[in-house]
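Sequential numbering from 649 applies to the sequence shown in my numbering. A virtual CB, placed ideally from N, CA and C, is assigned to each residue, including glycine. Computed from a predicted structure; not experimentally measured.
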Amino acid sequence: MAANEGEGGRTRRRLSTEERREQLLSVGARLFSESPYDDVWIEQVAEIAGVSRGLLYHYFPTKRDFFAAVVERESERMLRMTAAVPGAPVRGQLASGLDAYLEYVQEHAHGYRAFHRADAAGDRTVRRVYRRALAAQERQILQALAGDPEFGPLLRGRPDTRLAVRGWLAFTTAVCLEWLRGSELSREEVRDLCARALLGVLTF
């Protein structure tokens, strides 16, 4: 990997294309999590990342493209971390799946907040990316439920299942965002609260 000589004789490693892109997305996630979409300036991102505006625009031609990439990255992370194990009972996977989700929420709090700010963004393209990401989460849960020996037969033919899952995702998001603001609940207590909510919706 090529390196540059920095101040004081220190060697600064040159970032690869993927590393630089990740750096920029991390900076963007922090800024978008702290401020509304319209209040974030692309110049801020370049300054914090220590790159020129031209280089930033090379990776992301517009602010819309940049924010959409932040949202897509967080969506992909969430889907990977909460993917169900095919054939394993949902009830048994629920606690571990929520543990993984809450671990993500804690470790990537800026990205999580930025992701859920997207629906309030004034840009229709960004909102569309966000809603597509939520739909992917919804499908992931519905597929796991449909293949489950306990819940599959129970929910088959119930027209309210999709709406119930969508409502549970909104509930879980609200709980997690409040938890990040400084709730006294432990991660285990938040996990159990969300698990009870889903089981209650499915078995009512």
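For phenylalanine 708, no alpha helix (DSSP H) segment is defined, and its DSSP state is neither H nor E. The C-beta of leucine 703 has fewer than 16 other C-beta atoms within 10 Å across all chains shown, which makes the residue exposed. At the C-beta level, alanine 845 and isoleucine 789 stay beyond 9 Å of one another. By the CB criterion at 9 Å, tyrosine 707 and arginine 669 fall inside the cutoff. The Cβ-Cβ distance between valine 849 and tryptophan 827 does not fall below 9 Å.
Rounded to whole angstroms, the separation of the alpha carbons of leucine 847 and alanine 783 is 20 Å. The C-beta of threonine 665 has fewer than 16 other C-beta atoms within 10 Å across all chains shown, which makes the residue exposed. Membership of proline 801 in the alpha helix (DSSP H) is indicated by the continuous run 799-803. The way I'd put it, the segment 715-723 does touch the segment 765-775; three or more beta-carbon pairs between them come closer than 8 Å. Glutamate 755: member of the alpha helix (DSSP H) spanning 738-755, first to last residue. Counted as a single uninterrupted DSSP element, the alpha helix (DSSP H) harbouring serine 681 occupies residues 665-682. Look at leucine 833 here: in three-state DSSP terms it is coil, with no helix or strand label. In this structure, the CA atom of leucine 673 is about 8 Å from the CA atom of phenylalanine 714. Under the 10 Å beta carbon count, glutamate 722 is surrounded by 16 or more other beta carbons and is classified as buried. For the pair valine 738 and phenylalanine 799, the CB atoms are nearer than the 9 Å cut-off.
No Cβ-Cβ contact shorter than 9 Å links serine 681 with glycine 740.
In the three-state reduction of the DSSP assignment, alanine 784 falls in the helix class, which pools H, G and I.
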